[in-house]
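To start, the structure itself, in structure tokens.
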Amino acid sequence: MKYYKALFFGSIGSIVETSDLQRKSFNQAFIKSGLNWYWTKKEYKNLLNKSGGEDRISRYAKESNIRVNAKKIRSLKTKIFNNYLKKKELKLRPGVKDLIDFCIKNKIKLGFVSSTSLNNINSIFYCLRRSIKKNYFNFIGNSNLVKKNKPNPDIYLFALKKLKLKPKECIAIEDSQESLDAAFKAKIKCLIFPGKFHSGKKFLRAYKKVFNLNIKIMRK
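What follows is the structure, given as structure tokens:
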């Protein structure tokens with residue numbers, strides 16, 4: 013049986029469900045910033061059509077016709093989110109652990125090709141410490157490594173270079189359209205594994221759409 017040489021989990025949401033926790037963190041940050049904003053689940057789902065917390069805040073402020081320090085609010089939200097994670101022990105999404113174990117057993121390289129903040133990366137691994145370890149991964153990305161975040165392909169291209177791999181040798185797993193676009197632009201075949209806040213959306217250019225991962229996806 014021929015397998016891909018590497019599996020790339022492309023975002024936090026591809027391994028653990030955190031969307032509602034992130035929404036709550038945004039709302040707490042708004043309160044602490046003196047804003048009367050409140051993002052409902054429905055509203056947050058629509059806002060997720062575009063990635064990037066800071067950009068999301070900026071666009072929302074512009075639509076509300078007010079000026080805010082989006083970077084400062086995003087930083088506060090990240091701090092709140094990370095504090096939540098330190099107190100919680102989240103579960104991996106269906107099939108993630110088995111797939112990681114399979115890759116380790118078969119010497120298939122693992123990448124966590126995220127362009128989120130380093131603080132978020134560290135907090136996620138901390139709250140999942142009983143399930144997965146950082147040293148399982150041959151590459152772990154973060155926003156400090158590239159100038160342009162997703163949907164730009166920069167973080168994927170960086171991972172390919174670091175691991176000395178060609179796009180056709182890898183398969184990626186993403187949970188949103190913009191992140192899927194990043195993999196597609198890097199010419200990497202991408203499986204869409206949507207979370208609760210993305211499940212009803214249509215995904216363009218996805219190789220497949222699944223709601224549970226299994227080792228079959230590693231077969232070329």
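Read in order, the letters of the sequence shown are residues 13 to 232 in my numbering.
Don't be surprised by glycine CBs; every beta carbon is placed ideally from N, CA and C.
Legend entry - C-alpha gap between Lys44 and Thr30, whole angstroms: In the sequence shown, counting from the first residue as 1, residue 44 sits at position 32. In the sequence shown, counting from the first residue as 1, residue 30 sits at position 18. Distance between the alpha carbons of Lys44 and Thr30 is about 21 Å.
Legend entry - CA nearest to the CA of Arg142, picked from Ser191, Tyr72 and Lys109: Residue 142 sits at position 130 when you count from the first residue of the sequence shown. Answer by Cα proximity: Lys109.
Legend entry - Alpha-carbon spacing of Pro206 relative to Arg105, whole angstroms: If you number the sequence shown from 1, residue 206 lands on position 194. If you number the sequence shown from 1, residue 105 lands on position 93. Looking at the two C-alpha atoms, the distance is approximately 10 Å.
Inset, instruction - Using only alpha-carbon positions, find the residue among Glu181, Ile183 and Ser126 that is nearest to Ser155. - result: By one-based count along the sequence shown, residue 155 stands at place 143. When only C-alpha atoms are compared, the closest one is Ser126.
Inset, instruction - Would you tell me roughly how many angstroms separate the C-alpha atoms of Ile85 and Met13, rounded to the nearest one? - result: Position 73 of the sequence shown, counted from the first residue, corresponds to residue 85. Position 1 of the sequence shown, counted from the first residue, corresponds to residue 13. Each residue's alpha carbon lies about 49 Å from the other.
Inset, instruction - Output yes or no for whether 9 Å exceeds the beta carbon distance between Leu19 and Ile133. - result: Start at 1 with the first residue of the sequence shown, and residue 19 comes out as number 7. Start at 1 with the first residue of the sequence shown, and residue 133 comes out as number 121. No, these two residues do not count as a Cβ contact at 9 Å.
Inset, instruction - Taking only the alpha-carbon atoms, compute the straight-line gap between Lys57 and Leu97 and give it to the nearest angstrom. - result: As a working note, residue 57 is residue 45 in the sequence shown. As a working note, residue 97 is residue 85 in the sequence shown. Spanning the two alpha carbons is a distance of roughly 21 Å.
Inset, instruction - Would you mind giving the Cβ-Cβ distance between Glu181 and Ala195, rounded to the nearest angstrom? I have them listed as a contact below 8 Å. - result: For the purposes of this step, residue 181 is identified with residue 169 of the sequence shown, where counting begins at 1. For the purposes of this step, residue 195 is identified with residue 183 of the sequence shown, where counting begins at 1. Not a contact, Cβ separation roughly 14 Å.
Legend entry - Closest Cα partner of Ser129 within the set Leu102, Asn161 and Asn147: Numbered from its first residue, the sequence shown carries residue 129 at position 117. Of the candidates Leu102, Asn161 and Asn147, the one whose C-alpha sits nearest the C-alpha of Ser129 is Asn161.
Inset, instruction - Have a look at Phe114 and Asp32 and give me their C-alpha separation to the nearest angstrom. - result: On the sequence shown, position 102 is the one that residue 114 refers to. On the sequence shown, position 20 is the one that residue 32 refers to. Near 29 Å, if we compare the C-alpha coordinates of Asp32 and Phe114.
Inset, instruction - Look at the alpha carbon of Arg35 and the alpha carbon of Lys53, and state the distance between them as a whole number of angstroms. - result: To locate residue 35, count along the sequence shown from 1; it is residue 23. To locate residue 53, count along the sequence shown from 1; it is residue 41. If I take the Cα positions, the gap works out to 8 Å.
Inset, instruction - Give the secondary structure of Ile152 by DSSP, where H, G and I count as helix, E and B as strand, and everything else as coil. - result: Here residue 152 refers to the residue found at position 140 of the sequence shown. The answer is strand: DSSP assigns Ile152 an E or B state.
Legend entry - Assigned exposure category for Gly123 - 16 Cβ within 10 Å defines buried: On the sequence shown, residue 123 is found 111 positions in, with the first residue counted as 1. That one is buried.
Inset, instruction - Compare the Cα-Cα distances from Asn95 to each of Lys17, Val80 and Cys139 and report the closest residue. - result: Indexing the sequence shown from 1 puts residue 95 at position 83. Among Lys17, Val80 and Cys139, the Cα nearest to that of Asn95 belongs to Cys139.
Legend entry - Beta-carbon proximity check, Ile92 vs Ser37, cutoff 9 Å: Reading the sequence shown from its first residue, position 80 is the one you call residue 92. Reading the sequence shown from its first residue, position 25 is the one you call residue 37. Contact flag set, yes.
Inset, instruction - Would you mind working out which of Ile78, Gly65, Gly25 and Ala184 sits nearest Gly46, comparing C-alpha positions? - result: What you label residue 46 is simply residue 34 of the sequence shown in a count that begins at 1. When only C-alpha atoms are compared, the closest one is Ile78.
Legend entry - Phe205 in three-state terms, based on DSSP: Mapped onto the sequence shown, residue 205 falls at position 193. Note: Phe205 maps to coil in three-state DSSP.
Legend entry - C-beta contact flag for Ile200 and Ile229 at 9 Å: Start at 1 with the first residue of the sequence shown, and residue 200 comes out as number 188. Start at 1 with the first residue of the sequence shown, and residue 229 comes out as number 217. Result no, Cβ atoms of Ile200 and Ile229 do not sit closer than 9 Å.
Inset, instruction - Under 6 Å Cβ to Cβ from Asp193, same chain only, skipping five residues before and after it: list those, please. - result: Taking the sequence shown and counting its residues from 1, one reaches residue 193 at position 181. These residues qualify, in order along the chain: Pro163.
Legend entry - Buried or exposed (CB count within 10 angstroms, at least 16 for buried), Arg68: Residue mapping note: residue 68 aligns to position 56 of the sequence shown, counting from 1. Looking at its Cβ environment, which holds 16 or more other Cβ atoms inside 10 Å, Arg68 is buried.
Inset, instruction - Counting only the same chain and skipping the five closest in sequence on each side, list residues whose C-beta sits under 7 Å from that of Tyr219. - result: Your numbering for residue 219 matches position 207 in the sequence shown. Counting only Cβ-Cβ distances below 7 Å, and skipping sequence neighbours, we find Lys201, Cys202 and Leu203.
Legend entry - Where the beta strand (DSSP E) through Gly123 begins and ends: Counted from its first residue, the sequence shown places residue 123 at position 111. Note, Gly123: beta strand (DSSP E), Lys121 to Phe124.
Legend entry - Length of the line joining the Cα atoms of Lys83 and Leu169: Counting from 1 along the sequence shown, the entry for residue 83 is found at position 71. Counting from 1 along the sequence shown, the entry for residue 169 is found at position 157. Taking the straight line from one Cα to the other gives about 26 Å.
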